Amino acid sequence: MQIVASGLAFPEGPVVMPDGSIVVVEIAAGTLRRIQPNGSSSVLATTGGGPNGAALGPDGKLYVCNNGGLHFMERDGIRRPVGAARDYEGGRIEVVDPETGRVERLYDRCGEHRLSGPNDIVFDAAGSFWFTDSGKHHRRHSDHGGLYWARTDGSEIREVLHPLSSPNGVGLSPDGRVLYISDTASARLWAWD
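Take a look at the structure:
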């Protein structure tokens, strides 16, 4: 095993790009960073908030779950999230053009309610995507999380499962018939078909 990059600001969601580079989200910096095979890196896009999970869409663009921002504390040299950022502005799904770094907001609500903390994303064979929303812990209350399905053109988003305690990762079986959700707080992996 080798270190590919260091000094990243709470990285998650690595995406291997067709050119061999890797794009990671930096939640604490509100950026997407491209890391080249030789280890050099540069900021690809600035989203603000807290970009979390990311996936390469069928159109070659990056689809990003943005949790709206987290507050971080450092203890013993380790940075950890401890709730919503003071400037939390709500969660959203964003689209990033990997060639230009242009960021577009695709969804920030489902029907009448706002997204709280989109976390992870996976594409299905039809080119639509599923994503988890982990909810958000505020000072005096918490928003529950859920599972969502959406189209890449911004025309449709559906809440599929709600409430969930703290849905985190999401994945599909090879045949696309079973969807898996990892729930952090309950320490469980759920299968849904």
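In my numbering, the protein residues as written are 87 to 279. All C-beta atoms, glycine included, are put in the ideal place defined by N, C-alpha and C. The model shown is predicted, which means the values in this text are computed figures rather than measured ones.
Beta-carbon to beta-carbon, Gly134 and Gly116 are separated by about 5 Å, close enough to satisfy the 8 Å threshold.
Around His248, the same chain offers His230, Gly232 as residues with beta carbons nearer than 7 Å, after the five sequence neighbours per side are excluded. Taking the Cα of Ala141 as reference, the smallest distance to any Cα among Thr238, Lys222, Met159 is reached at Thr238.
CA-CA distance, Gln122 to Val182, rounds to 18 Å. Approximately 11 Å separates the beta-carbon atoms of Glu180 and Gly154; this is outside 8 Å, ruling out the contact. Nearest neighbour of Trp276 by Cα position, chosen from Glu242, Gly240, Thr218, turns out to be Thr218.
Under the DSSP definition of a beta bridge, Leu142 partners with Leu148. In the displayed model, Thr238 falls within coil according to three-state DSSP, outside both helix and strand.
Following the DSSP letters along the chain, one finds Pro167 inside the beta strand (DSSP E) bounded by residues 164-170. Minimum Cα-Cα distance from Leu250 among the listed residues Val150, Asp105, Asp210, Ile267 corresponds to Ile267. Across the set Val256, Thr186, Asp194, Gly177, the C-alpha of Val256 shows the shortest separation from the C-alpha of Asp210. Annotation: Val129 to Ile108 spans about 12 Å, alpha carbon to alpha carbon. Taking C-beta separations shorter than 8 Å and ignoring five residues to either side along the sequence, the partners of Asp194 in its chain run Gly176, Gly177, Arg178, Ile179, Arg200, Leu201, following chain order. In summary, Glu185 is exposed, with fewer than 16 beta-carbon neighbours lying within 10 Å of its beta-carbon over all protein chains present.
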